[in-house]
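Note that my numbering has the sequence shown beginning at 461, numbered continuously upward.
Written out below as structure tokens is the structure these notes cover.
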Amino acid sequence: MVPPLAESISEGTLAKWNKKTGDFVKQDEEIVTIETDKVDAPVNSPYSGKILELYANEQDTVVVGQDLCKVELGDAPASESEADSSKVDSPKETPEPEPVSKQKEDAPPSDVSPFGEREDREDAILKKHGIKLGFMSAFVKASSFALQEVPAVNASIAESGDTIIYRDYVDMSVAVATPKGLVTPVIRNAHLLSFIEIEKVIAELDGKMTIEDMAGGTFTISNGGVFGSLLGTPIINLPQSGILGMHATKDRPVVINGKPGSVYVAFKRTNLDEYPLGSFSNTLKIVVKYCDSNPSEEDYKDEY
461 MVPPLAESIS
471 EGTLAKWNKK
481 TGDFVKQDEE
491 IVTIETDKVD
501 APVNSPYSGK
511 ILELYANEQD
521 TVVVGQDLCK
531 VELGDAPASE
541 SEADSSKVDS
551 PKETPEPEPV
561 SKQKEDAPPS
571 DVSPFGERED
581 REDAILKKHG
591 IKLGFMSAFV
601 KASSFALQEV
611 PAVNASIAES
621 GDTIIYRDYV
631 DMSVAVATPK
641 GLVTPVIRNA
651 HLLSFIEIEK
661 VIAELDGKMT
671 IEDMAGGTFT
681 ISNGGVFGSL
691 LGTPIINLPQ
701 SGILGMHATK
711 DRPVVINGKP
721 GSVYVAFKRT
731 NLDEYPLGSF
741 SNTLKIVVKY
751 CDSNPSEEDY
761 KDEY
């Protein structure tokens with residue numbers, strides 16, 4: 461059966477059969493790949509058995525819930541079972557625990573600032589952690605803090621339409637450009653991660669993504685600046701309540717030298733009014749300005 465693919469996607473193209481009629485399939489074994497406009501979704505067999513008939517051909521359009529094949533339930537033939545049992549994995553060596561001092565030394569720095577000192581530290585971070593420090597991790601951190609300060613922005617309306625769901629965690633959707641278009645994989649528990657950990661998760665998500673990787677986000681950050689965009693209003697990723705749009709840093713006519721950038725936040729007004737909208741935007745601005753995920757009361761006073 462074609463599984464749920466993604467929000468707003470109800471059909472896809474059967475890209476490839478990994479099994480044919482007469483083949484035995486094991487439970488949870490990948491048997492077919494469904495291609496959508498955004499990602500390729502593997503379909504695994506929910507049980508073991510022999511494939512008796514295929515209900516769709518490669519390049520056919522299939523819809524969510526459609527049956528794909530007929531399977532006769534049963535265990536693997538004796539010859540296949542014996543072959544599998546003869547394959548013995550070589551034992552893996554368990555690495556010895558590192559000394560506490562070594563672990564502490566290799567831990568991601570908690571005081572990494574992506575502004576001002578970012579260029580000075582970038583090479584050292586790349587050498588030590590194998591990851592390049594970018595602006596996205598800074599805005600993920602700042603947004604995560606602001607979302608927990610103003611939980612209404614991190615909330616959404618339930619499918620029933622009569623309940624608002626508030627969350628004490630942040631699962632941040634981050635827009636990533638792929639050959640198939642823009643997709644929004646989710647950084648789970650972003651509020652608990654360091655700058656380095658966020659950058660590593662983004663790097664990993666930039667590879668092969670599944671439907672599960674893009675489900676369940678509570679807020680979205682879209683970076684049109686990588687395409688040279690200076691202004692624009694991003695589209696809210698429903699059922700989320702808001703989205704942060706980042707744009708390019710370019711030279712502009714200003715009174716002093718510099719490269720000012722712009723960020724815009726779009727909100728869904730069905731469950732938010734001016735107070736949480738303004739509070740979130742101002743908190744985000746303060747965190748970014750002072751490079752501090754725990755701004756003081758004086759920082760807030762200076763901005764009003």
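Heads up, the beta-carbon is just placed ideally off N, CA and C, and yes, glycines get one too.
Backbone secondary structure at residue i - three-state DSSP
| i | result |
| --- | --- |
| Ser-768 | Here the chain comprises residues numbered 461 to 764, so residue 768 is not present and cannot be evaluated. |
| Pro-557 | Because Pro-557 sits at a pLDDT of 46, beneath the cut-off of 50, its placement in the model cannot be relied upon, and the following sentence gives the value as read from the coordinates. In the structure shown, Pro-557 sits in coil (DSSP, three-state: anything other than H, G, I, E or B). |
| Val-661 | helix |
| Glu-489 | coil |
| Glu-582 | helix |
| Glu-518 | coil |
| Lys-749 | helix |
| Lys-510 | strand |
| Val-686 | helix |
| Met-461 | coil |
| Lys-564 | For Lys-564, the predicted structure reports a pLDDT of 37, less than 50, and the residue's modelled location is therefore unreliable. A value from the coordinates is still provided. The answer is helix: DSSP assigns Lys-564 an H, G or I state. |
Cα-Cα separation, residue i to residue j
| i | j | result |
| --- | --- | --- |
| Leu-691 | Leu-704 | 12 Å |
| Thr-709 | Lys-601 | 19 Å |
| Lys-745 | Glu-664 | 28 Å |
| Thr-623 | Lys-510 | 46 Å |
| Ala-637 | Ile-671 | 16 Å |
| Val-748 | Tyr-629 | 20 Å |
| Arg-581 | Asn-478 | 47 Å |
| Pro-502 | Pro-645 | 17 Å |
| Ile-491 | Leu-465 | 16 Å |
| Asp-527 | Pro-699 | 29 Å |
| Val-485 | Leu-533 | 10 Å |
| Val-522 | Val-462 | 7 Å |
| Ala-675 | Glu-518 | 26 Å |
| Val-643 | Ile-658 | 17 Å |
| Asn-614 | Thr-481 | 48 Å |
| Ile-662 | Leu-593 | 11 Å |
| Glu-558 | Tyr-626 | With a pLDDT of only 46 at Glu-558, under the threshold of 50, the placement of this residue in the model should not be trusted; the figure read from the coordinates follows. If I take the Cα positions, the gap works out to 40 Å. |
| Phe-599 | Lys-587 | 23 Å |
Residue i vs residue j beta-carbon contact at 7 Å
| i | j | result |
| --- | --- | --- |
| Ser-739 | Val-610 | yes |
| Asp-500 | Thr-493 | yes |
| Thr-496 | Gly-525 | no |
| Ile-419 | Lys-660 | Look at the range of the chain in this structure, 461 to 764, and you will see that residue 419 is not part of it. |
| Gly-677 | Met-706 | no |
| Ile-647 | Met-632 | yes |
| Tyr-515 | Cys-529 | yes |
| Ser-470 | Glu-489 | no |
| Ala-635 | Ser-682 | yes |
| Ser-597 | Phe-655 | yes |
| Leu-474 | Asp-520 | yes |
| Pro-736 | Ala-618 | no |
| Ala-606 | Thr-693 | no |
| Ser-616 | His-651 | no |
Run of the beta strand (DSSP E) containing residue i, from where it starts to where it stops
| i | result |
| --- | --- |
| Glu-609 | Careful: Glu-609 lies outside any beta strand (DSSP E), inside the alpha helix (DSSP H) at 595-609. |
| Asp-500 | 500-504 |
| Asn-683 | 679-683 |
| Val-524 | Element bounds for Val-524: n/a, residue is neither H nor E. |
| Ile-703 | 702-706 |
| Thr-709 | Per DSSP, Thr-709 belongs to no beta strand (DSSP E) and is neither H nor E. |
| Glu-672 | No beta strand (DSSP E) holds Glu-672; DSSP gives it neither H nor E. |
| Ala-475 | 471-477 |
**Message:** Please give me, in chain order, every unbroken run of the alpha helix (DSSP H) with length at least 4 that falls completely inside the region 614-659.
**Reply:** none
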